[in-house]
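One structure is given below, encoded as structure tokens.
Protein chains in written order, with the numbering used here: chain X, 215 to 609; chain S, 8 to 253; chain H, 182 to 455.
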């Protein structure tokens with residue numbers, strides 16, 4: 215009976231109900247977006263770091279991977295030490311640099327990663343194969359477009375450019391054997407990968423026995439933090455970073471977005487709450503006489519409150535899924551904006567939909583909306599009956 | 008005869024800022040079962056205040072009220088609500104039907120509150136609507152009913168839980184003369200069928216139809232007259248036939 | 182001129198018993214001074230890598246970092262040394278990473294860039310403003326993001342305002358009905374509602390400006406402490422205040438007008454519930 219009354223009341227004021235649903239849906243959408251933003255980057259970055267299964271990263275002491283141009287010397291002996299560890303399954307060295315490709319009219323420069331193809335974790339093969347011989351190279355689409363070549367072509371590449379003398383330290387003819395997608399680079403960033411020995415040779419003596427970074431894969435079940443601490447103590451020239459630490463670093467650098475998410479999410483919740491409170495207050499003020507009559511004919515106070523709360527519940531439950539759809543759409547739009555950050559890996563999402571967090575947030579909004587109706591409905595159901603009836607008659 | 012209403016030294020004062028305004032100044036009377044009582048008096052004499060106290064929707068400043076043997080002047084909110092639901096039927100001048108519900112649903116409301124199943128309350132509501140002559144208007148909303156029809160629905164609602172006492176505050180106040188006459192006939196019929204009725208009214212015809220008239224002025228009873236049955240006129244118009252007449 | 186420090190440059194606090202040769206001075210930033218508990222006059226050893234001998238220097242000054250957004254969240258320390266000393270420490274020889282050049286006036290900058298590049302051998306000249314555009318792409322994205330959030334907020338506010346205005350005007354349906362019945366024109370009624378809505382919008386937006394200003398102050402205090410930077414993250418300008426008030430006024434007037442129109446089109450007796 216009270217459910218009938220609740221629904222009938224909502225239908226009776228269609229415009230008001232529709233606007234209220236829209237208002238709550240917008241609140242829900244914003245809240246959902248902020249929940250997605252607050253954890254999206256972190257989870258997205260975690261997924262990125264672990265996508266190839268490497269749990270540790272070794273970089274020059276005091277730096278983060280590829281944060282600077284510094285390199286680690288004595289790479290071969292360092293790798294030997296790491297590979298000898300019982301928990302280490304693979305160690306992938308990476309040397310960063312640049313390769314220059316003369317084309318008609320201009321020279322195209324691309325980031326170059328010197329890798330060991332068998333254990334590399336920097337790219338995924340889209341077509342072709344891994345570099346096998348020393349003069350083989352793989353490239354991403356941005357590079358291939360820029361240099362005007364395709365899979366299978368042979369290109370002339372140079373490294374170690376000296377701006378004073380305008381010469382290169384090493385030049386080679388390389389064959390493009392693979393089309394790849396670099397995991398940690400932006401989609402439009404030109405990049406190639408080739409055997410590390412080739413890149414070292416092209417760079418000249420400055421790169422001999424040096425790497426920029428080593429990624430380490432541990433056996434399943436290994437204690438990552440303990441291995442990190444032991445390697446860190448064992449290798450004074452490097453900083454060993456685990457995925458957890460890398461995430462902390464990301465958290466710190468991008469804490470602005472997380473805090474913004476918390477603030478805007480809280481504001482959305484408060485606004486949704488206020489909207490429902492106002493709606494319920496106005497709605498019951500209009501029906502003060504009706505409520506007094508219901509009390510006069512013997513309907514208990516809590517039942518009247520229940521009926522009014524049913525109304526606000528119905529509003530919230532209709533608005534929540536609407537807000538979910540709206541939130542996902544706006545999240546996509548906002549994610550598209552942030553995805554244009556220069557140098558952002560293609561696979562990083564700022565807004566990540568995590569069902570549990572999303573449902574929790576929406577549930578919170580629904581509950582707060584319901585609670586918002588408690589005070590005004592209780593207040594109206596507690597007014598003195600006779601006085602209210604008389605005032606309603608006069609008014 | 009059993010006393011349904013017993014009022015002793017009833018006082019009700021209102022605070023208007025610093026002033027205390029007495030609406031009732033010590034009223035004492037008794038209403039017996041199946042009586043039909045009209046309370047009349049000029050505006051501001053306290054008759055509606057008295058009705059509100061009988062209906063347990065207000066509390067006296069002092070004095071006692073017993074309804075059907077139970078003292079009701081100091082009941083807590085929950086108990087008072089329960090009492091109103093089961094022992095008292097209230098009819099208001101302005102009908103106060105819930106606009107969002109149909110006629111039948113309005114009548115069902117107190118039945119639902121009393122815990123009756125949906126099938127039973129639907130049957131009872133339709134019976135009551137038939138009784139007041141609105142059997143074919145059960146699905147209409149209040150906005151689709153005339154004033155008289157709305158008041159009949161209100162009466163049907165008031166009778167839903169078979170109350171010991173039916174109270175009516177100016178039941179013909181918003182009705183035209185013809186509809187008012189129908190209402191008077193309905194109240195007479197209710198009383199004939201065994202309902203104890205107390206009405207507050209300015210309507211002379213309605214007061215004349217009552218068996219007993221209590222006159223009030225300035226918060227006190229100045230006269231209490233039992234009417235001669237020969238003076239009463241009955242004009243049943245547009246009502247459903249009594250069950251034995253079908 | 183400042184050389185970008187090699188990442189292995191370390192500072193170690195030396196004992197005061199270090200030999201008092203010709204000791205050169207350095208400046209350190211306030212962040213380093215706080216973290217390493219250094220003060221002006223302290224002697225330290227600077228070296229290019231751990232284990233190397235390095236040079237003993239004295240802290241001559243502690244500098245405040247610039248309000249540079251690019252330095253946010255980077256845990257770097259900034260130290261200034263004499264050029265020759267740093268070149269010597271790093272084994273750089275007679276090399277630098279870049280020059281910064283100040284021209285006599287902005288008008289001659291373009292000419293200077295062209296002439297330098299024409300004669301350049303192994304380097305290029307760029308306008309600082311062009312470099313700034315390149316390096317501020319990140320902040321351009323953040324600005325777009327903020328604008329998007331702002332747009333969503335405005336749309337949401339418009340809906341909320343319309344909803345609440347509708348409710349509040351609806352609450353006064355009987356007043357409106359009474360006014361209509363005594364002969365007030367629709368124009369008068371709509372006008373009075375719109376005026377009221379406008380007043381509420383202006384007052385509300387001014388209150389919002391105070392709240393926004395306070396929030397801006399708190400945001401700056403918070404993030405300046407977190408990132409240890411003098412950078413101002415939020416600025417409330419006169420233009421922003423004007424925009425906010427104007428937008429609120431427009432939204433309020435439109436919402437009030439829509440709500441009032443809805444009421445005056447309903448017959449007065451219907452508003453009384455008859």
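Even glycine gets a Cβ: it sits at the ideal position worked out from N, Cα and C. Note that the structure is a prediction, hence the values are computed from the model and not measured.
Of the choices the options, whose alpha-carbon is the least far from that of residue i?
| i | options | result |
| --- | --- | --- |
| residue 218(S) | 94(S), 202(S) and 226(S) | 202(S) |
| residue 525(H) | 276(H), 301(H) and 239(H) | Because chain H is modelled from 182 through 455, residue 525(H) falls outside the range shown and cannot be assessed. |
| residue 391(H) | 228(H), 423(H), 207(H) and 432(H) | 423(H) |
| residue 344(H) | 427(X), 258(X) and 235(X) | 235(X) |
| residue 427(X) | 444(X), 441(X), 434(X) and 452(X) | 452(X) |
| residue 38(S) | 171(S), 157(S), 191(S) and 111(S) | 171(S) |
| residue 408(H) | 207(H), 249(H) and 244(H) | 249(H) |
| residue 264(X) | 512(X), 397(X), 477(X) and 572(X) | 397(X) |
| residue 121(S) | 486(X), 521(X) and 215(X) | 215(X) |
| residue 209(H) | 223(H), 259(H), 396(H) and 336(H) | 259(H) |
| residue 331(X) | 408(X), 580(X) and 252(X) | 408(X) |
| residue 115(S) | 105(S), 124(S) and 132(S) | 132(S) |
| residue 78(S) | 12(S), 165(S) and 100(S) | 12(S) |
| residue 149(S) | 160(S), 221(S), 139(S) and 67(S) | 160(S) |
Under a Cβ-count criterion, where at least 16 other Cβ atoms within 10 Å of its own Cβ denotes burial, should residue i be classed as buried or exposed?
| i | result |
| --- | --- |
| residue 216(H) | exposed |
| residue 354(X) | buried |
| residue 363(H) | exposed |
| residue 247(X) | buried |
| residue 65(S) | buried |
| residue 28(S) | exposed |
| residue 318(H) | exposed |
| residue 244(X) | buried |
| residue 334(X) | buried |
| residue 345(X) | buried |
| residue 319(X) | exposed |
| residue 240(X) | buried |
| residue 511(X) | buried |
Can you tell me the Cα-Cα spacing of residue i and residue j, whole angstroms?
| i | j | result |
| --- | --- | --- |
| residue 440(H) | residue 228(X) | 14 angstroms |
| residue 448(H) | residue 226(X) | 17 angstroms |
| residue 562(X) | residue 255(X) | 7 angstroms |
| residue 91(S) | residue 173(S) | 10 angstroms |
| residue 9(S) | residue 145(S) | 36 angstroms |
| residue 156(S) | residue 111(S) | 12 angstroms |
| residue 547(X) | residue 238(X) | 20 angstroms |
| residue 258(X) | residue 425(H) | 36 angstroms |
| residue 31(S) | residue 388(H) | 50 angstroms |
| residue 436(H) | residue 468(X) | 38 angstroms |
| residue 320(H) | residue 333(H) | 20 angstroms |
| residue 185(S) | residue 154(S) | 11 angstroms |
| residue 551(X) | residue 268(H) | 43 angstroms |
Per DSSP, what are the beta-bridge partners of residue i in this structure?
| i | result |
| --- | --- |
| residue 456(X) | 270(X) |
| residue 74(S) | 12(S) and 77(S) |
| residue 23(S) | 26(S) |
| residue 36(S) | 14(S) |
| residue 390(X) | 351(X) |
| residue 326(H) | Residue 326(H) is not bridged to any residue. |
By the criterion of Cβ-Cβ separation under 7 angstroms, what are the contact partners of residue i in chain S?
| i | result |
| --- | --- |
| residue 222(X) | 107 and 108 |
| residue 570(X) | Within 7 angstroms Cβ-Cβ: nothing; residue 570(X) doesn't reach chain S, min ~38 angstroms. |
| residue 537(X) | The premise fails here: residue 537(X) is roughly 26 angstroms from chain S at the closest Cβ pair, so nothing lies under 7 angstroms. |
For a contact meaning CB atoms closer than 8 angstroms, what does residue i contact in chain X?
| i | result |
| --- | --- |
| residue 117(S) | 511, 512 and 513 |
| residue 485(H) | The structure shown has nothing for residue 485(H), since chain H only spans 182 to 455. |
| residue 26(S) | Ordered by position in chain X, no residue passes the 8 angstroms Cβ test against residue 26(S), which lies about 17 angstroms from the chain. |
Determine the chain H residues that contact residue i at a beta-carbon separation under 7 angstroms, and present them in chain order.
| i | result |
| --- | --- |
| residue 551(X) | 322, 325, 326 and 329 |
For a contact meaning CB atoms closer than 8 angstroms, what does residue i contact in chain S?
| i | result |
| --- | --- |
| residue 218(X) | 108 and 112 |
At 9 angstroms on the CB atoms, spell out the chain X contacts of residue i, in chain order.
| i | result |
| --- | --- |
| residue 99(S) | 507, 510, 603 and 607 |
| residue 65(S) | 598, 599, 600 and 601 |
Could you name the residues of chain H that residue i contacts, counting a contact when the two beta carbons are closer than 9 angstroms?
| i | result |
| --- | --- |
| residue 237(X) | 337, 340, 341, 343, 344 and 345 |
Below 9 angstroms on C-beta distance, what does residue i contact in chain S?
| i | result |
| --- | --- |
| residue 226(X) | 106 and 107 |
Against residue i, what residues of chain H qualify as contacts under a CB-to-CB distance less than 8 angstroms, listed in chain order?
| i | result |
| --- | --- |
| residue 496(X) | 348, 349, 351 and 352 |
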